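Residue numbers (the working numbering): 1 to 443.
Every residue, glycine too, gets a C-beta built ideally from N, C-alpha and C.
Remember, it's a predicted structure, so these values are computed and weren't measured experimentally.
Notes follow the structure.
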């Protein structure tokens, strides 16, 4: 490894460490990711001839500009998809589209509530995203469960169910979105083969956790519906089905048109935006201004988008200088090409560090093959989708869902590590075992 490459890796590692220690440094991880991206690309420009020896000195700068634009195009597809999806979900939620969740969870039995909540979270996160689903479920739980110790158990299961549900859907988690947009997994393949392992990774922890909950709630549950302004029930239903149905339609749109997935998201967003503007047309401006899409757009979490941009572009530098390919070869040699072990380790790592750069790194480490484990919908890519998604539940800081629930419910790292981590690990291994059985017996 050359000195320049070593410097790039050092800068990346230092940035990664600062991102992992965000709660200690108090510096937003988006800011660190952007600095890391710029510093890494700047270092590459110090000695570009080292990495592109076959290109003439006069042409190398132009070539690097094209390389950056290529990587930016790949990252942009993911980012526009995320921004569109986040806006659609926010529109539906703002207009009372998720009131049905509150109604469906009403029950006096603690265990019945747990199972309803687990399945509702699991399937919702496959359609929406695990972060949004977690927020919706925690807000409902606050109305249903008063005892803090019991609510922490429910909250932990929300994290587990959200991450497991997102793993089997091409639009349920940022990592699966990345793999799907890259074309290494297909909608049919990931749903068909990863659904059962993901379900098992949720059912096993839920089965264990149910023994911590007994009896019935002492007081009647009162759940306030979300404010819905002056929209009629029919209008709210139209918004809900356009939003959620549109998200489900995106993979179909991609299959029919062969356009990038973000084009399907923009189609749904444009349609939903137009319909809500029509609904607002005859409504008093003062009552509806806060619920117009133009206002909702200002509430989108741009810090998260900037973080993804910085990370994806920083990982692209490691790919360009050959570090990821060398790391992939090293892992193959160390574990004799056993992709179950390799992905199992990646899943555990995703609970310690962010799974987005891990998956981005893996996409750069391993080329797509025409057949075998590295082919589209091959064992490696499907296991990567499962392990990176479900593995993040092992530590409360290992996923976006975990971090947001940690903040909302003030769950400590130590409590989760002591009470929940081992339960998640059992479910995680159970899912991998089920996937192995599927591959051995059926596929």
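With contacts defined by Cβ atoms closer than 8 Å, residue 51 and residue 43 do not form a contacting pair. Pairing residue 265 with residue 345, the inter-Cα distance amounts to about 33 Å. One thing to note: residue 365 has its Cβ no nearer than 8 Å to the Cβ of residue 71.
For the set 305, 396, 31, 188, the Cα lying nearest the Cα of residue 349 is the one of 396.
Per the coordinates, the alpha-carbon of residue 91 lies some 51 Å from the alpha-carbon of residue 53.
In this chain, the alpha helix (DSSP H) harbouring residue 102 covers 99-104. By the Cβ-count criterion, residue 304 is buried, with 16 or more other Cβ atoms from all chains shown falling within 10 Å of its own Cβ. In this structure, residue 386 lies away from residue 205, with their beta-carbon atoms at least 8 Å apart. Pairwise C-beta distances place the region 295-304 out of contact with the region 109-129, as fewer than three of them are shorter than 8 Å. The criterion of a C-beta distance shorter than 8 Å is satisfied by residue 152 and residue 411. Cβ-Cβ distances below 6 Å link residue 416 to 396 in the same chain, with the five nearest sequence neighbours on each side left out; the list follows chain order. A residue is called buried once 16 or more other Cβ atoms fall within 10 Å of its Cβ, and residue 129 is buried on that count. Taking 8 Å as the cut-off, the Cβ atoms of residue 359 and residue 388 count as close.
Across the structure, residue 5 and residue 321 are spaced so that their CA atoms are roughly 7 Å apart. Per DSSP, reduced to three states, the secondary structure at residue 399 is coil, with no helix or strand assignment. Taking a 10 Å sphere around the C-beta of residue 337, we find fewer than 16 other C-beta atoms and assign the residue as exposed.
From the listed residues 212, 97, 253, the smallest Cα separation to residue 241 is found for 97.
Pairing residue 164 with residue 201 gives a Cβ-Cβ distance under 8 Å. Of the other Cβ atoms in all chains shown, 16 or more fall within 10 Å of the Cβ of residue 81; this residue is therefore buried.
Annotation for residue 254: 261, 264 place their beta carbon closer than 7 Å to its own, counting only its chain and skipping 5 residues before and after.
The Cβ atoms of residue 214 and residue 110 lie closer than 8 Å to each other.
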